[in-house]
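A.B. asks:
Number of protein chains: 4
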Amino acid sequence: MDDIVDRPPRTLSRDARRQQVIEATIATIAARGLARLTLTDVARAATISHGLVLFHFQSKENLLAETLAYLADEYQANWQAALAKAGPGAADRMRALIEADFRSQITTQDRLAAWCAFWGEAQSRPVYQEICGERDATYVRQLEEICAALIREGDYGIDPVHAARILRLVVEGTWLDLMTLEHPYSSEEARLTVLAAMSTLFSKHF
Amino acid sequence: MDDIVDRPPRTLSRDARRQQVIEATIATIAARGLARLTLTDVARAATISHGLVLFHFQSKENLLAETLAYLADEYQANWQAALAKAGPGAADRMRALIEADFRSQITTQDRLAAWCAFWGEAQSRPVYQEICGERDATYVRQLEEICAALIREGDYGIDPVHAARILRLVVEGTWLDLMTLEHPYSSEEARLTVLAAMSTLFSKHF
Amino acid sequence: MDDIVDRPPRTLSRDARRQQVIEATIATIAARGLARLTLTDVARAATISHGLVLFHFQSKENLLAETLAYLADEYQANWQAALAKAGPGAADRMRALIEADFRSQITTQDRLAAWCAFWGEAQSRPVYQEICGERDATYVRQLEEICAALIREGDYGIDPVHAARILRLVVEGTWLDLMTLEHPYSSEEARLTVLAAMSTLFSKHF
Amino acid sequence: MDDIVDRPPRTLSRDARRQQVIEATIATIAARGLARLTLTDVARAATISHGLVLFHFQSKENLLAETLAYLADEYQANWQAALAKAGPGAADRMRALIEADFRSQITTQDRLAAWCAFWGEAQSRPVYQEICGERDATYVRQLEEICAALIREGDYGIDPVHAARILRLVVEGTWLDLMTLEHPYSSEEARLTVLAAMSTLFSKHF
DNA sequence: GATGAATGAGCCTTCATTCAT
DNA sequence: GATGAATGAAGGCTCATTCAT
Numbered sequence: 001m002d003d004i005v006d007r008p009p010r011t012l013s014r015d016a017r018r019q020q021v022i023e024a025t026i027a028t029i030a031a032r033g034l035a036r037l038t039l040t041d042v043a044r045a046a047t048i049s050h051g052l053v054l055f056h057f058q059s060k061e062n063l064l065a066e067t068l069a070y071l072a073d074e075y076q077a078n079w080q081a082a083l084a085k086a087g088p089g090a091a092d093r094m095r096a097l098i099e100a101d102f103r104s105q106i107t108t109q110d111r112l113a114a115w116c117a118f119w120g121e122a123q124s125r126p127v128y129q130e131i132c133g134e135r136d137a138t139y140v141r142q143l144e145e146i147c148a149a150l151i152r153e154g155d156y157g158i159d160p161v162h163a164a165r166i167l168r169l170v171v172e173g174t175w176l177d178l179m180t181l182e183h184p185y186s187s188e189e190a191r192l193t194v195l196a197a198m199s200t201l202f203s204k205h206f
Numbered sequence: 207m208d209d210i211v212d213r214p215p216r217t218l219s220r221d222a223r224r225q226q227v228i229e230a231t232i233a234t235i236a237a238r239g240l241a242r243l244t245l246t247d248v249a250r251a252a253t254i255s256h257g258l259v260l261f262h263f264q265s266k267e268n269l270l271a272e273t274l275a276y277l278a279d280e281y282q283a284n285w286q287a288a289l290a291k292a293g294p295g296a297a298d299r300m301r302a303l304i305e306a307d308f309r310s311q312i313t314t315q316d317r318l319a320a321w322c323a324f325w326g327e328a329q330s331r332p333v334y335q336e337i338c339g340e341r342d343a344t345y346v347r348q349l350e351e352i353c354a355a356l357i358r359e360g361d362y363g364i365d366p367v368h369a370a371r372i373l374r375l376v377v378e379g380t381w382l383d384l385m386t387l388e389h390p391y392s393s394e395e396a397r398l399t400v401l402a403a404m405s406t407l408f409s410k411h412f
Numbered sequence: 413m414d415d416i417v418d419r420p421p422r423t424l425s426r427d428a429r430r431q432q433v434i435e436a437t438i439a440t441i442a443a444r445g446l447a448r449l450t451l452t453d454v455a456r457a458a459t460i461s462h463g464l465v466l467f468h469f470q471s472k473e474n475l476l477a478e479t480l481a482y483l484a485d486e487y488q489a490n491w492q493a494a495l496a497k498a499g500p501g502a503a504d505r506m507r508a509l510i511e512a513d514f515r516s517q518i519t520t521q522d523r524l525a526a527w528c529a530f531w532g533e534a535q536s537r538p539v540y541q542e543i544c545g546e547r548d549a550t551y552v553r554q555l556e557e558i559c560a561a562l563i564r565e566g567d568y569g570i571d572p573v574h575a576a577r578i579l580r581l582v583v584e585g586t587w588l589d590l591m592t593l594e595h596p597y598s599s600e601e602a603r604l605t606v607l608a609a610m611s612t613l614f615s616k617h618f
Numbered sequence: 619m620d621d622i623v624d625r626p627p628r629t630l631s632r633d634a635r636r637q638q639v640i641e642a643t644i645a646t647i648a649a650r651g652l653a654r655l656t657l658t659d660v661a662r663a664a665t666i667s668h669g670l671v672l673f674h675f676q677s678k679e680n681l682l683a684e685t686l687a688y689l690a691d692e693y694q695a696n697w698q699a700a701l702a703k704a705g706p707g708a709a710d711r712m713r714a715l716i717e718a719d720f721r722s723q724i725t726t727q728d729r730l731a732a733w734c735a736f737w738g739e740a741q742s743r744p745v746y747q748e749i750c751g752e753r754d755a756t757y758v759r760q761l762e763e764i765c766a767a768l769i770r771e772g773d774y775g776i777d778p779v780h781a782a783r784i785l786r787l788v789v790e791g792t793w794l795d796l797m798t799l800e801h802p803y804s805s806e807e808a809r810l811t812v813l814a815a816m817s818t819l820f821s822k823h824f
C-alpha cells in the first residue's frame, strides 16, 4: 500500500485543500459576516463536505485563526516584496509601500471584508490580536523608519511615530469606508485620499 | 424582611427599561463580541429575565439594531452639542468637534468596543449601514464645511473632502487601534496623533 | 363601597364579558387552529388584554373546555328547541331535527371549524370527550327513538341504532367536508346529501 | 461487552430512518395530539436524538406534512391494491373497496387517531388540504363510478354522487366515532353500520 | 482522504401565568 | 375590573463536533 507511483504528493494535495478551504472561508466571511458564518457555509463554498473542513482544521475556532494568519502572512509578503523591488530612496520606498496596499490582487472586496470582520471581533478575542500583533509591529516599524528618513530629508516638524500612524490609519480607514459606508466612494478616490495625506505630511517629497 | 431599602423597582417604565437593556447590550458586546453575544448574557447584565428583553425588543436582531441607533444618536447629539457651544470661527468649531470626540463621556471603552463590533459586521448587514448612513453623512458634511472654511482662510492646497476624510479616519482609526492592537498606546497619545494630523493639514491654524 | 346604585349588575357584565371571550375563542380557533391558538390571539380578537382573559377563565385549558361546553350547550339547546316546536309525528320530528342542524345561525363557518378542531383533539384529550359525552348520548338517544318510530311506521328492515348512526354521521360528515376538503361543495349540497340519506333510509316517509 | 446481538444499527439508510421517524410521529400524534406534539416526543418514540429528526425533515412543519402525505399514500395504495384484486362486477368492486377500509393493517388505532388529528387542523392549514386533495378526488371519483354502475344495474333512484358521499361519510364517521366518543362501539359494530348503509342504498345487491 | 449520519449543547423565541399598579 | 410588565418553562431550531463507513 502507499506504493510510490507518479502522482502528486500528498503534502501538496493537503496544502492545496487547506488553501481552498481558507479561500472559501474568506468568501464566506465576506458574504455572511463572522457572527453568522457556519462550517456548512464554508464547506458549501469549497464544495466539499463539512466533515472534511474539520478534518483539516480540527475546529471552527482554529479555522478562523488560521484564516486570519493566512491573510496576515499574505499582507506582509505583499508589502515586503514591494519594498524589495523599490529603489533605495525613502520616497521611493514610501511610494512602493503605499502602492502595494492599493494595486495588489490582495486588496479584493472579499479580503477587505474579512479584515474588517476580524477587526470587529479582535477587541473581544485576544487570539486575533496575537496573530496580527507581531506582523503589525514589523509593518509599523518599517513605516516609521521610512517616515523618519523622509522627515530627516525634508526637515518636517512632525514626530515620525505620528506620521506613520496617520498614514496607516488613513490607508486602513479608507478600506473600512469601502466596506461600511452606505454609499462608499471609489477605490481610486481612496488612493487619492492617501496620496493627499502623503503630500500633506511630506510636502517637499510628493 | 421586606425592609425599606433603596433598590430598583421591580417594574420600570417602558423607556427606562429599554435604556437599561441597551446599556447592558453595549457592555455585553464589549465583553463578548457580536458573534458570541447571547440574549441570556444581555439579560444577566441587566439583571432581568431574558423574556423581558424580548418583550421590549421583539428579537435579538432588533435589539442590536436599536442599540446601534442609540449609539449613533448619542454620538450625533454629542458633537452637535459641542458645535453649538463653540465659537463662530472655523478653527474654534474644528477644535470643538475634535475635542468632543475625545473628551466626552460617550467615548468609554465599552462604547468604542461596541462601535468596532458593529463596523466589523456592517459589511454583511446592510441594516447597520442604513442606521448609520444618514447620521454619518451629516457629520461628514459638517466636517467638510469646516475644513473648507479653514482652507479658504489658510489658502491650503488640499481638497476639503480629502482633508475632512483624513481627519475622520485618523479619529476613528485611533479608536480602532485602542480596541484591536495587542499593545495599544494611551488615549492621550491618540489625541496627540489627531492633533498632529490637524496641525499638518492646517499648519497656520493649529 | 359597593353601594347599590342603578347600574347594570356585575353578574351580567361578568357573563357578557365571558361570552365575548368565548366568541373570540371560537373565531380564533377557526382562524389559527387549536394547535397554534394563543391567549394573546384570543385577547386581541376580544379587544381586551390577555391578562383579563385569564382573570375570567383561570387557564387556557379551562378556556378551551368552557368554549367546547358552550358550543355543546348551544347545539343541544338548538335541536331541543326545534323538537319542541315540531309536530307530534315521527316524520315531523325527524325533519325538524335535521333542519335544525342546517338552518340555524349556529352552523356558521367559525363554529363548524371549532367543532372540527375539537374533534381532532378529542382522541388525545379525555376531557373533551367528557364534555360532549352526556349531551351526545342525549342526542343519539333522541335520534334513535325517532328512527325507531319511523321504522315501526314504515316497517323498514334496518336496526334503528344503525339508522340513527348513519344519519348522524352523514350530517357531521358533511360539516367536516365543508371544512376540510380542498374544493368543498355548497352547504345546500350538504343538505341535499342528508335528505338523500333520509329518503333512502325511510323511503316511504321522505 | 460488545456482544454480537441483533440490534438496530446506529446508522440507518436515509429512507429507513425517515420511515422510522414517520411511524414514531404517527404514534406520538395518537398519544398526545397535534397540539401538544413536540419533536422531543417524536425523537424519544424513535429512540434517536431530536437533532436527527430535523436533520431528516428540516422542520416540524415539514415532518407533519410528510407524515400526512405518507398516510395518504398508504391509504390510496391500500384501496387501489384491493380494487386490483377484486372481481370485475360493480358489487365485487364495492365490497372490495369497503372491506379494504376495515380489514387492512393500516386501520390501526394510531393511524386513525392521526387521521382525525389532521382533519381537525386541516381547516386552518391549507397545506394539509392540498396534500389530501388530489388523492381524495381520485378516491371519490372511483367510488362514484362504482355507485353509478350499481345504480344502473339496480335502477336505484339516487344520485351516484350522493350515494358515494353517504358511503364515504359513514366510513369516515365511524372512524371518528371510534376516536372521539366517550364510550365508543366496537369496530365490528362500525363495519356493520357501513354494511347497513350499503344494503340500504343498494338493497338488491347487498 | 472523504462522506454524511448522528449527537447534544445551547441558542432564540413563544407563551401561559403571575402580579404590581 | 383591567392593564401590561415580568417571569421562566419549554419548544423549535442551529450547528460544532464526533464517528461509522
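Protein chains in written order, with our numbering: chain E, 1 to 206; chain R, 207 to 412; chain X, 413 to 618; chain V, 619 to 824.
We put the beta carbon where it would ideally sit given N, CA and C, even for glycine.
1) Below 8 angstroms CB to CB, which residues in the same chain sit around ALA69(E) once its five sequence neighbours on both sides are set aside?
2) Cβ of ASP2(E) less than 8 angstroms from any chain R Cβ?
3) Mind checking the stretch 320 to 333 of chain R against chain E and listing, in chain order, the residues whose C-beta falls within less than 7 angstroms of any C-beta there?
4) Under 8 angstroms by Cβ, that's how I've got LEU356(R) and MET300(R) pegged, so tell me the actual separation to the nearest angstrom.
5) Count the other CB atoms, across all protein chains shown, that sit within 10 Å of the CB of ALA529(X); report buried if there are 16 or more and exposed otherwise.
6) Determine the DSSP secondary structure at THR408(X), reduced to helix, strand or coil.
7) Does ILE666(V) come out as helix, strand or coil in the three-state DSSP assignment?
8) Go through its chain and collect everything with a Cβ distance to PRO500(X)'s Cβ below 8 angstroms, but skip five positions before and after it.
9) Quick check on this structure: which residue in ALA718(V), ALA781(V) and ALA695(V) has the alpha carbon closest to the alpha carbon of ILE764(V)?
10) List the residues of chain V whose Cβ lies closer than 7 angstroms to the Cβ of GLU584(X), in chain order.
11) Against GLN637(V), what residues of chain X qualify as contacts under a CB-to-CB distance less than 9 angstroms, listed in chain order?
12) Compare the Cα-Cα distances from THR612(X) to each of TYR597(X), ILE438(X), THR437(X) and VAL582(X) and report the closest residue.
13) If you measure from the CB of SER405(R), is any heavy atom of the ligand ZN nearer than 7 angstroms?
14) Using a C-beta to C-beta distance shorter than 8 angstroms, which residues of chain E count as neighbours of GLU336(R)?
15) So what does DSSP say about GLY154(E), is it helix, strand or coil?
16) If you run the structure through DSSP and keep just helix, strand and coil, what is ARG331(R)?
17) When you check each C-beta in the stretch 142 to 162 of chain E against every C-beta of chain R, which residues fall closer than 8 angstroms?
18) For the structure I just gave you, are there three or more beta carbon pairs, one from the stretch 543 to 552 of chain X and one from the stretch 790 to 805 of chain V, closer than 8 angstroms?
19) Expressed to the nearest angstrom, what Euclidean distance is found between the alpha-carbon atoms of ALA815(V) and THR479(X)?
20) Quick check: the Cα distance between ILE372(R) and GLN105(E), rounded to an integer number of angstroms?
21) So which of VAL140(E), LEU64(E), ILE98(E) and GLN58(E) has the shortest CA-CA distance to GLU23(E)?
22) Under 8 angstroms between C-beta atoms, does LEU192(E) make it to chain R?
23) Quick check: the Cα distance between LYS497(X) and ALA503(X), rounded to an integer number of angstroms?
24) By the DSSP assignment, the alpha helix (DSSP H) with PRO160(E) in it spans what residues?
25) Under 8 angstroms, do GLU327(R) and GLY157(E) count as touching if we go by C-beta distance?
26) Could you compute how far the alpha carbon of PHE469(X) sits from the alpha carbon of ARG430(X)?
27) Would you mind reading off the limits of the alpha helix (DSSP H) that contains ILE647(V)?
28) Look up THR217(R) in the DSSP assignment and say whether it is helix, strand or coil.
29) Mind checking if ARG625(V) is an interface residue toward chain X, Cβ cutoff 8 angstroms exclusive?
30) Could one say the Cβ of LEU179(E) lies closer than 8 angstroms to chain R's Cβ atoms, at least one of them?
31) I'd like the span of the alpha helix (DSSP H) that includes GLN76(E), first residue to last.
32) Contact check, LEU607(X) vs PHE614(X) under 8 angstroms by CB: the rounded distance?
33) Taking the C-alpha atoms as reference points, what is the distance between MET1(E) and GLU172(E)?
34) Closer than 9 angstroms, Cβ to Cβ, to anything on chain V: give me those residues from the stretch 431 to 458 of chain X, in chain order.
35) Assuming ASP307(R) and ALA236(R) are in contact, meaning their beta carbons sit under 8 angstroms apart, how far apart are those beta carbons, in whole angstroms?
C.D. replies: Taking the coordinates as given:
1) ILE131
2) Caution applies to ASP2(E), whose pLDDT of 43 falls short of 50 and renders its modelled position unreliable; the model cannot decide the point.
3) CYS322, ALA323, TRP325, GLY326, GLU327, ALA328, GLN329, SER330 and ARG331
4) 6 angstroms
5) buried
6) Outside the shown range of chain X, which is 413 to 618, sits residue 408(X), and nothing can be said about it.
7) coil
8) none
9) ALA781(V)
10) GLY791
11) Those within 9 angstroms of GLN637(V) in chain X number zero; the least Cβ separation is about 23 angstroms.
12) VAL582(X)
13) Because no ligand of any kind appears in the structure shown, any question about the ligand ZN cannot be addressed here.
14) GLU182
15) helix
16) coil
17) ILE158, ASP159 and HIS162
18) yes
19) 34 angstroms
20) 25 angstroms
21) LEU64(E)
22) yes
23) 14 angstroms
24) 160 to 180
25) no
26) 8 angstroms
27) 632 to 650
28) coil
29) For ARG625(V), the predicted model reports a pLDDT of 44, less than 50, meaning its position is unreliable; a value from the coordinates is still stated below. ARG625(V) does not count as touching chain X.
30) Here residue 179(E) is Met; the residue named in the question, Leu, does not match the sequence. Closer than 8 angstroms: yes.
31) 60 to 85
32) Actually they do not touch by this definition, with Cβ atoms about 11 angstroms apart.
33) Legend: pLDDT at MET1(E) = 40, less than 50; position of this residue unreliable, value from coordinates given subsequently. In a straight line, the C-alpha of MET1(E) is about 52 angstroms away from that of GLU172(E).
34) ILE441, ALA442, ALA443, ARG444, GLY445, LEU446, ALA447, ARG448 and LEU449
35) Contact doesn't hold; Cβ gap of about 18 angstroms is too wide.
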